[in-house]
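Take 101 as the starting number for the sequence shown in the working numbering and just add one per residue. Remarks on the structure that follows.
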Amino acid sequence: MFSYRHAFHAGNHADVLKHLVLVAALRHLTQKETALWVVDTHAGAGLYRLDGDYAGTSGEAAEGILKLVAALPGLAEPAPALTDYLDRVHSFNREGSWRIYPGSPFLAQALLRQEVRDKLKLFELHPTDSKSLAANIAQLGAGRQVSVAREDGFEALKSVLPPPSRRALVLIDPSYEIKSDYAKVHAVLRDALQRFATGTYAVWYPIIPRPEAHELPRKLKTLANSFRKPWLHATFSIGQPDDAAPAPGEERRTGMAASGMFLVNPPHTLKPALQAALPQLLDVLGRGRGKGQLIESGGG
Ligand code: SAM
101 MFSYRHAFHA GNHADVLKHL VLVAALRHLT QKETALWVVD THAGAGLYRL
151 DGDYAGTSGE AAEGILKLVA ALPGLAEPAP ALTDYLDRVH SFNREGSWRI
201 YPGSPFLAQA LLRQEVRDKL KLFELHPTDS KSLAANIAQL GAGRQVSVAR
251 EDGFEALKSV LPPPSRRALV LIDPSYEIKS DYAKVHAVLR DALQRFATGT
301 YAVWYPIIPR PEAHELPRKL KTLANSFRKP WLHATFSIGQ PDDAAPAPGE
351 ERRTGMAASG MFLVNPPHTL KPALQAALPQ LLDVLGRGRG KGQLIESGGG
């Protein structure tokens with residue numbers, strides 16, 4: 101427990117998928133003049149240095165956000181959701197530099213509206229990351245719009261649903277360090293749908309050779325269908341690098357190459373936005389065997 105630090109992974113292909121979806125969903129949800137609550141059950145530290153020790157060691161952003169930034173000028177007509185996501189990330193940086201990567205709390209907060217009293221509820225359990233998150237958020241001076249709690253996000257979600265305005269987007273983005281996280285995601289989503297059936301829920305999960313990871317999207321589809329709620333499932337794989345084959349006597353070192361986002365009650369604009377953006381993203385970030393993207397929807 102707690103060996104996962106998101107700073108190693110900030111801006112990787114999985115963050116790109118997750119945050120592209122988050123920004124596109126929030127763009128739609130913040131158009132209505134009624135307060136929206138955003139709940140981030142596993143918030144991380146909030147802000148990350150792409151040129152710091154953690155990200156520098158892993159080099160994951162080089163196969164994610166930084167590769168996308170470098171390729172953007174070559175895209176004839178970048179999809180609006182892609183440029184919007186990149187603009188949001190860039191707004192945390194000086195003109196022309198890409199040193200800071202904003203995590204989900206900061207990307208969400210930047211889209212929320214003071215005038216209609218949108219709120220952001222953040223939960224992060226890691227002792228160091230929760231302190232960093234609180235300090236980073238304090239710098240925003242966002243006052244009561246944003247709350248940070250060092251609590252178990254799986255448990256805490258119950259305490260904030262349903263929101264008074266009956267409008268919310270809940271991001272459930274655990275580290276899946278322990279395999280019980282997969283079952284918890286399913287149980288928490290079922291409980292949340294019982295409390296607040298019309299909320300928008302977005303679950304991120306890794307696509308890795310582990311039965312629990314493989315089964316999660318199927319179980320989430322069954323769950324959404326049992327509540328007769330619409331769902332959207334997007335997966336994105338950069339594929340294995342061509343040099344991933346191990347040298348004799350070495351272990352295979354490939355890392356996670358794919359991940360998925362599963363949404364219940366997705367905004368109706370999200371599917372077309374992703375249909376335009378994900379093929380372009382794949383052209384840029386795809387690197388070898390197994391690369392691909394998929395968007396499917398159902399329920400309702
Ligand atoms: N949502 C963040 C973003 O997109 O920028 C990244 C979150 S990271 C994938 C998962 C985070 O969950 C880690 O920072 C980890 O410390 C935290 N965590 C692990 N178990 C938790 C729990 N039960 N409740 C809240 N946070 C937890």
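Cβ coordinates follow ideal geometry from the N, Cα and C atoms, glycine included.
heavy atom of the ligand SAM below 8 Å from residue i C-beta
{"i": "Arg105", "result": "yes"}
{"i": "Phe336", "result": "no"}
{"i": "His109", "result": "yes"}
{"i": "Glu163", "result": "no"}
{"i": "Phe254", "result": "yes"}
{"i": "Glu251", "result": "yes"}
{"i": "Ala268", "result": "no"}
{"i": "Ala145", "result": "yes"}
{"i": "Phe362", "result": "no"}
{"i": "Phe296", "result": "no"}
{"i": "Leu374", "result": "no"}
{"i": "Lys132", "result": "no"}
{"i": "Ser204", "result": "yes"}
{"i": "Ser158", "result": "no"}
{"i": "Asp342", "result": "no"}
{"i": "Glu277", "result": "yes"}
{"i": "Lys118", "result": "yes"}
{"i": "Phe192", "result": "no"}
{"i": "Glu312", "result": "no"}
{"i": "His128", "result": "no"}
{"i": "Thr322", "result": "no"}
{"i": "Phe327", "result": "no"}
{"i": "Thr141", "result": "yes"}
{"i": "Trp304", "result": "yes"}
{"i": "Asp291", "result": "no"}
{"i": "Leu271", "result": "yes"}
{"i": "His333", "result": "no"}
{"i": "Leu225", "result": "yes"}
{"i": "Pro274", "result": "yes"}
{"i": "Asp187", "result": "no"}
Enclosing alpha helix (DSSP H) for residue i [first to last residue]
{"i": "Tyr282", "result": "Ser280 to Arg295"}
{"i": "Val216", "result": "Run containing Val216: none; DSSP gives neither H nor E here."}
{"i": "Ala377", "result": "Leu370 to Leu385"}
{"i": "Leu150", "result": "Where Leu150 is concerned, there is no enclosing alpha helix (DSSP H), given that its DSSP letter is neither H nor E."}
Paired residues, beta bridge with residue i - DSSP
{"i": "Phe254", "result": "DSSP output for Phe254 lists no bridge partner at all."}
{"i": "Met361", "result": "Trp304 and Ala334"}
{"i": "Gln245", "result": "Answer by DSSP bridge pairing: none, since Gln245 is not bridged."}
{"i": "Ala340", "result": "Per the sequence shown, residue 340 should be read as Gln rather than Ala. Arg389, per the DSSP bridge assignment."}
{"i": "Leu271", "result": "Asp140 and Ala302"}
Supposed contact pair residue j and residue i - C-beta distance, whole angstroms, cut 8 Å
{"i": "Phe362", "j": "Tyr276", "result": "Incorrect: roughly 14 Å between the Cβ atoms, too far for contact."}
{"i": "Gly339", "j": "Arg387", "result": "5 Å"}
{"i": "Phe192", "j": "Phe206", "result": "7 Å"}
{"i": "Leu129", "j": "Leu136", "result": "5 Å"}
{"i": "Gln393", "j": "Phe336", "result": "5 Å"}
{"i": "Gln375", "j": "Leu182", "result": "That pair is no contact at about 12 Å."}
{"i": "Asp140", "j": "Leu271", "result": "5 Å"}
{"i": "Lys221", "j": "Ser247", "result": "5 Å"}
{"i": "Tyr201", "j": "Ala161", "result": "7 Å"}
{"i": "Leu382", "j": "Lys371", "result": "About 16 Å; that fails the 8 Å criterion."}
Span of the beta strand (DSSP E), counted from its first residue to its last, around residue i
{"i": "Tyr301", "result": "Thr300 to Ile307"}
{"i": "His333", "result": "Trp331 to Ser337"}
{"i": "Tyr104", "result": "Element bounds for Tyr104: n/a, residue is neither H nor E."}
{"i": "Glu396", "result": "Gly392 to Gly398"}
{"i": "Ala125", "result": "First-last for Ala125: His113 to Leu129, but that is the alpha helix (DSSP H), not the beta strand (DSSP E)."}
{"i": "Leu320", "result": "That residue, Leu320, is in no beta strand (DSSP E); its alpha helix (DSSP H) goes Pro311 to Ser326."}
> Of all the alpha helix (DSSP H) runs that stay within the bounds of the region 165-227, which reach a length of 4 or more residues?
Replying inline: Every alpha helix (DSSP H) of 4 residues or more that sits fully in the region 165-227 is shown, in chain order, as 165-171, 180-190 and 204-211.
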